[in-house]
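See structure below.
There are 2 protein chains.
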Amino acid sequence: MLEGCPETSTGEVAYPIEVDYDYDRLEPGFLDGRGDGGLDRWASLLPPLHAPGLGEGRTPLVPIGRDVYIKDESQNPTWSHKDRLNRCAASAAVGAGARGIAVSSSGNHGASAAAYAARAGLDCIVLTATDTPPAVLEFMGAYGAHVFAAPDHARRPLLRAIVEHTGFHPVSSTTVTHTGHPFGVEGYKTIAYEIAADIGAPAAVYMPTGYGELLFGVWKGFTELHRLGLTDRVPELVACEPAAAGPLTAAIEQGLPAARVQPGPSDAYAITCAVGGYRATLAATSAGRSMRVSDKQMRAAQDQLRRQGLWVELSAAAGLAGLNAGAAPGGPVVCISTSSGFKDRPAGPRPGGATEDTWEGLQQRLVQAGVI
Amino acid sequence: MLEGCPETSTGEVAYPIEVDYDYDRLEPGFLDGRGDGGLDRWASLLPPLHAPGLGEGRTPLVPIGRDVYIKDESQNPTWSHKDRLNRCAASAAVGAGARGIAVSSSGNHGASAAAYAARAGLDCIVLTATDTPPAVLEFMGAYGAHVFAAPDHARRPLLRAIVEHTGFHPVSSTTVTHTGHPFGVEGYKTIAYEIAADIGAPAAVYMPTGYGELLFGVWKGFTELHRLGLTDRVPELVACEPAAAGPLTAAIEQGLPAARVQPGPSDAYAITCAVGGYRATLAATSAGRSMRVSDKQMRAAQDQLRRQGLWVELSAAAGLAGLNAGAAPGGPVVCISTSSGFKDRPAGPRPGGATEDTWEGLQQRLVQAGVI
Numbered sequence: 001m002l003e004g005c006p007e008t009s010t011g012e013v014a015y016p017i018e019v020d021y022d023y024d025r026l027e028p029g030f031l032d033g034r035g036d037g038g039l040d041r042w043a044s045l046l047p048p049l050h051a052p053g054l055g056e057g058r059t060p061l062v063p064i065g066r067d068v069y070i071k072d073e074s075q076n077p078t079w080s081h082k083d084r085l086n087r088c089a090a091s092a093a094v095g096a097g098a099r100g101i102a103v104s105s106s107g108n109h110g111a112s113a114a115a116y117a118a119r120a121g122l123d124c125i126v127l128t129a130t131d132t133p134p135a136v137l138e139f140m141g142a143y144g145a146h147v148f149a150a151p152d153h154a155r156r157p158l159l160r161a162i163v164e165h166t167g168f169h170p171v172s173s174t175t176v177t178h179t180g181h182p183f184g185v186e187g188y189k190t191i192a193y194e195i196a197a198d199i200g201a202p203a204a205v206y207m208p209t210g211y212g213e214l215l216f217g218v219w220k221g222f223t224e225l226h227r228l229g230l231t232d233r234v235p236e237l238v239a240c241e242p243a244a245a246g247p248l249t250a251a252i253e254q255g256l257p258a259a260r261v262q263p264g265p266s267d268a269y270a271i272t273c274a275v276g277g278y279r280a281t282l283a284a285t286s287a288g289r290s291m292r293v294s295d296k297q298m299r300a301a302q303d304q305l306r307r308q309g310l311w312v313e314l315s316a317a318a319g320l321a322g323l324n325a326g327a328a329p330g331g332p333v334v335c336i337s338t339s340s341g342f343k344d345r346p347a348g349p350r351p352g353g354a355t356e357d358t359w360e361g362l363q364q365r366l367v368q369a370g371v372i
Numbered sequence: 001m002l003e004g005c006p007e008t009s010t011g012e013v014a015y016p017i018e019v020d021y022d023y024d025r026l027e028p029g030f031l032d033g034r035g036d037g038g039l040d041r042w043a044s045l046l047p048p049l050h051a052p053g054l055g056e057g058r059t060p061l062v063p064i065g066r067d068v069y070i071k072d073e074s075q076n077p078t079w080s081h082k083d084r085l086n087r088c089a090a091s092a093a094v095g096a097g098a099r100g101i102a103v104s105s106s107g108n109h110g111a112s113a114a115a116y117a118a119r120a121g122l123d124c125i126v127l128t129a130t131d132t133p134p135a136v137l138e139f140m141g142a143y144g145a146h147v148f149a150a151p152d153h154a155r156r157p158l159l160r161a162i163v164e165h166t167g168f169h170p171v172s173s174t175t176v177t178h179t180g181h182p183f184g185v186e187g188y189k190t191i192a193y194e195i196a197a198d199i200g201a202p203a204a205v206y207m208p209t210g211y212g213e214l215l216f217g218v219w220k221g222f223t224e225l226h227r228l229g230l231t232d233r234v235p236e237l238v239a240c241e242p243a244a245a246g247p248l249t250a251a252i253e254q255g256l257p258a259a260r261v262q263p264g265p266s267d268a269y270a271i272t273c274a275v276g277g278y279r280a281t282l283a284a285t286s287a288g289r290s291m292r293v294s295d296k297q298m299r300a301a302q303d304q305l306r307r308q309g310l311w312v313e314l315s316a317a318a319g320l321a322g323l324n325a326g327a328a329p330g331g332p333v334v335c336i337s338t339s340s341g342f343k344d345r346p347a348g349p350r351p352g353g354a355t356e357d358t359w360e361g362l363q364q365r366l367v368q369a370g371v372i
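If you read the sequences in order, they're chains F and C. Its first residue numbered 1, the first sequence is counted upward by one per residue in full-length UniProt numbering. Its first residue numbered 1, the second sequence is counted upward by one per residue in full-length UniProt numbering.
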């Protein structure tokens, strides 16, 4: 299941397995129900939720301008969208009777997998990058996972070795192009369900894109709702990749099912990926497009969000950066913000921060800063 | 309004102002409605919500054992319960026509106030402690606030000077004993409303307690619901203070409306307070009690939560530490966890973290760690 499709995959491209459902048996009022909140509300279109939840999902749509909303995924149990994936992936591990979970991650995914593993009573091994920030290392280790750094070239082979020798269930891709976890990616559909339940199908959804799993999940969710007659359209889905990498845009430009690129430097480390996957290409070519955004554009979008009271990781600002880079689509637009500002490398000293114990000293600084 | 009650306050004790409502005019079905989600759902029992929201509230109850739930307040816009307070306090600043907000805080409160100020288009000045961790300083500065460190003894006088000279609206107490913001504290009532909507009134609610504003808000919320006939009881409300300080427990022991203590060392910096407030004493003596928990007890509770997939600030584990320290009440119990683990001072290196690029090396470490 996690090796990709044995029939269609080649030495150059791995094709993922996809979950199908008996859509004809879906109960009416799928979008209206309150259910238990979180992912359980949508259980009838998800793989079996064997692993206990942490209240993931039901994140707010925060309006930041006329017809523009931020889907704030930092309001999840481990403060990123990855919790939707890991609830489903950990459920697969429980269902398969695995004794542990193995994951390769630069941050959010690893911490989230560790949390859901702990919650389900499973061991967890995290392979991370050698330049992972200390705060993110502590985050990934906080749930009792065994965290190891490995050079980029060694991470996929090591993950394969772990899976082969320990029987731990992998929730990261081990294939030549990205396939990911077939159950895990289904969790991202719930973002589409929640948006549709809140405001219907918007004109467009812009989102940060690394391997493109979020893109595929959101696309599949909206496609299901449209097929079921519950919404009147599938939004335009815009994949926003860092200009320093961008395997999806490269694949589309070259007409390939998935491409490989040589990443340049970028601070958007969560989405700077050397290899793409077929799922992303399928989604972007079916109902959307792919674009590149520079670190400078992401920083401007990140600053725009600060002024709206939202502190996001640089990568998480890629969706809004993409929207800002072009003409606004007609109608409501949602930009998915995937994660909190705590995940970035420290930005260094900010304005202020000086110690003062008299009003005269403080007053002088406030005048200098133009506050008073 | 923010100076405490001018008639009853004395040189030793400041009594806060409290908001009252026309409860007879409340629409039926208060607990049933879905509304807009977040705090807006409860607007009919809150001060006017002039300031725009960020999707605060509607946090999950995560079951961690038979009849024990964690109310995970880290799933808020700035990842703590303070967002409920600051939506209401920033609304008061907007309603008063203030050009800015001034706040004194060791972390969560300052960052949250900064976020809601930015969202409302207001300036913000944050006074913080001189030993605030760098990551928390960055967090408080992330929303464009002007952040200054000041020695503990200087913070209240400096806040008073800022308010007097700049006209900024204070959302922290400036009085001799803690009074806090009369509108802000109303925001905490929504925690009681959400719990009651999810599971009814539980047998008990345990919560971290510093100045006791959370305690008062939750008490008032449950008291309102009971008075309105919407629940069958007011839960026992248990205030869990760090043993290193504990002004509420001291006040109750001494029969005072509010007390002052000399804090000892504690890593639960968010709730280690030298001065209490009358609101907390009122709540604890009306429908609950107060207890002290040691750093060691909080660490054990924090570790228990890690194993459940919840990474919380040490202070946030005080509620569960309190529950663990005594006999379990009969019936459902909720422990409020106020904030995420990102807010703690770095704990230093964790197990693992070594760099490996071969299976043999990794295998050896996994065997040593007892994983395989």
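Glycine is no exception: its CB is placed at the ideal position from the N, C-alpha and C atoms.
Per DSSP, cross-strand counterpart(s) of residue i
i	result
residue 178 of chain F	F:277
residue 102 of chain C	C:125 and C:170
residue 61 of chain C	C:71
residue 291 of chain F	F:240
residue 336 of chain F	F:71
residue 80 of chain C	C:339
residue 355 of chain C	F:149
residue 260 of chain F	F:275
residue 312 of chain F	F:340
For residue j and residue i, the rounded distance between their alpha carbons
i	j	result
residue 195 of chain F	residue 226 of chain F	13 Å
residue 329 of chain F	residue 278 of chain F	26 Å
residue 164 of chain C	residue 19 of chain C	24 Å
residue 372 of chain C	residue 65 of chain C	28 Å
residue 17 of chain F	residue 4 of chain F	6 Å
residue 313 of chain C	residue 107 of chain C	11 Å
residue 78 of chain C	residue 326 of chain C	32 Å
residue 114 of chain F	residue 54 of chain F	12 Å
residue 240 of chain F	residue 105 of chain F	20 Å
residue 25 of chain C	residue 216 of chain F	49 Å
residue 50 of chain F	residue 120 of chain F	9 Å
residue 72 of chain F	residue 244 of chain C	37 Å
residue 270 of chain F	residue 315 of chain F	6 Å
residue 23 of chain C	residue 9 of chain C	27 Å
residue 352 of chain F	residue 200 of chain F	Below a pLDDT of 50, predicted positions are generally treated as unreliable, and residue 352 of chain F, at 48, falls in that range; the measurement from the model is reported next regardless. Answer to the nearest angstrom: the Cα atoms are 43 Å apart.
residue 364 of chain C	residue 117 of chain F	22 Å
residue 284 of chain F	residue 193 of chain F	19 Å
residue 129 of chain C	residue 67 of chain C	38 Å
residue 13 of chain F	residue 257 of chain F	7 Å
residue 367 of chain F	residue 158 of chain C	16 Å
Closer than 9 Å at the beta carbon, the chain C residues around residue i
i	result
residue 172 of chain F	Result: empty, since nearest Cβ-Cβ is about 15 Å, beyond 9 Å.
residue 158 of chain F	356, 357, 358, 359 and 362
residue 93 of chain F	Neighbours of residue 93 of chain F on chain C: none; closest Cβ ~14 Å, over 9 Å.
residue 106 of chain F	Those do not exist, as residue 106 of chain F stays about 15 Å from chain C at its closest Cβ, beyond 9 Å.
residue 72 of chain F	54, 55 and 77
Under 7 Å by beta carbon: chain C residues contacting residue i
i	result
residue 163 of chain F	Per Cβ cutoff of 7 Å: no residues; residue 163 of chain F is ~11 Å from chain C at best.
residue 269 of chain F	Those do not exist, as residue 269 of chain F stays about 17 Å from chain C at its closest Cβ, beyond 7 Å.
Contacts that residue i makes with chain F (C-beta to C-beta distance below 8 Å)
i	result
residue 30 of chain C	Ordered by position in chain F, no residue passes the 8 Å Cβ test against residue 30 of chain C, which lies about 16 Å from the chain.
residue 133 of chain C	The contacting residues do not exist; residue 133 of chain C stays about 10 Å from chain F at best.
Chain C residues whose Cβ lies nearer than 8 Å to that of residue i
i	result
residue 98 of chain F	Those within 8 Å of residue 98 of chain F in chain C number zero; the least Cβ separation is about 13 Å.
residue 299 of chain F	The contacting residues do not exist; residue 299 of chain F stays about 13 Å from chain C at best.
Cβ-heavy atom distance, residue i to the ligand NAP, below 8 Å
i	result
residue 261 of chain C	Judged by which ligands are present, the structure shown has none, so any question about the ligand NAP falls away.
Per-residue contacts from residue i into chain F (C-beta, under 7 Å)
i	result
residue 376 of chain C	Look at the range of chain C in this structure, 1 to 372, and you will see that residue 376 of chain C is not part of it.
residue 60 of chain C	37, 38 and 55
CB contact below 9 Å: residue i versus chain D
i	result
residue 41 of chain C	No chain D is part of this structure, whose protein chains are labelled F and C.
Listed by chain order, chain F residues near residue i by CB distance under 9 Å
i	result
residue 341 of chain C	138, 139 and 142
contact_flag[the segment 353 to 366 of chain F, the segment 149 to 156 of chain F] where n(CB pairs < 8 Å) is 3 or more
Segments in contact, no.
Does the segment 287 to 302 of chain C come into contact with the segment 126 to 141 of chain F, if we say contact requires no fewer than three beta-carbon pairs (one atom in each stretch) closer than 8 Å?
By the Cβ criterion, the segment 287 to 302 of chain C is not in contact with the segment 126 to 141 of chain F, since fewer than three pairs of Cβ atoms, one from each stretch, lie closer than 8 Å.
Quick check: the segment 208 to 216 of chain F against the segment 108 to 125 of chain F, are there 3 or more CB pairs under 8 Å?
Short answer: they don't touch.
Say whether the segment 177 to 192 of chain F touches the segment 74 to 92 of chain F, bearing in mind that this needs 3 or more beta-carbon pairs closer than 8 Å, one atom from each stretch.
The segment 177 to 192 of chain F, when compared against the segment 74 to 92 of chain F, does touch it at the 8 Å Cβ threshold.
Runs of beta strand (DSSP E) wholly within the segment 130 to 216 of chain C (minimum 3 residues, chain order):
List check, beta strand (DSSP E) in window: 146 to 149 and 204 to 208.
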